[in-house]
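Q: Numbering (the working numbering), first residue to last: 43 to 146.
Cβ coordinates follow ideal geometry from the N, Cα and C atoms, glycine included.
Sharing a structure here in C-alpha cells format.
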C-alpha cells in the first residue's frame, strides 16, 4: 500500500468497524479485505488522486449512513415496532388509550 493511501485506508477500516452491528469476531471479514485489496491494487499511478477522491467519497458515504442510522433511531423511535405497537404508541402520544381487544 502506498504511504499516502494508508491514512485513508485506516479511516475506512475504522468507519466500517463503527458501522458494524455484530461483535468483532462475528463480523464478515470480506468487506474489510475487499477494501484492502482495492488499496493494494491502486498502488502509485497517475490515477492516485482520482482513487484518493473516490475513497474519500466512500468514507463520506459510510459516515453519513452511520449518522443517518443514529438520527433515525433518535427521532423516529417507532421504527422498530410492529404496526399494532406503533398505533398504540401514536395514540398514547396524543392522549388516547387504545381499547383492549379480546384475544381470539
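1. For the pair the stretch 124-135 and the stretch 72-83, tell me if three or more CB-CB distances fall below 8 Å.
2. What do you reckon, are the CB atoms on residue 104 and residue 58 nearer than 8 Å?
3. Any chance you could list the beta strand (DSSP E) runs of at least 3 consecutive residues sitting entirely within the stretch 64-108, in chain order?
4. Tell me whether residue 47 is buried or exposed, calling it buried when 16 or more other Cβ atoms sit within 10 Å of its Cβ.
5. Measure the Cβ-Cβ separation of residue 60 and residue 108 and say whether it is below 8 Å.
6. Can you tell me the Cα-Cα spacing of residue 90 and residue 129, whole angstroms?
7. With H, G and I counted as helix, E and B as strand and the rest as coil, what does DSSP make of residue 120?
A: So, from the listed chains and residues:
1. no
2. Taking the chain shown and counting its residues from 1, one reaches residue 104 at position 62. Taking the chain shown and counting its residues from 1, one reaches residue 58 at position 16. Cβ distance < 8 Å, so residue 104 and residue 58 count as in contact.
3. none
4. Residue 47 sits at position 5 when you count from the first residue of the chain shown. So residue 47 counts as buried.
5. Residue mapping note: residue 60 aligns to position 18 of the chain shown, counting from 1. Residue mapping note: residue 108 aligns to position 66 of the chain shown, counting from 1. The answer is yes: Cβ separation under 8 Å.
6. By 1-based counting over the chain shown, the position of residue 90 is 48. By 1-based counting over the chain shown, the position of residue 129 is 87. Roughly 53 Å separates the two Cα atoms.
7. Looking up residue 120 in the chain shown gives position 78. Coil at residue 120, not helix or strand.
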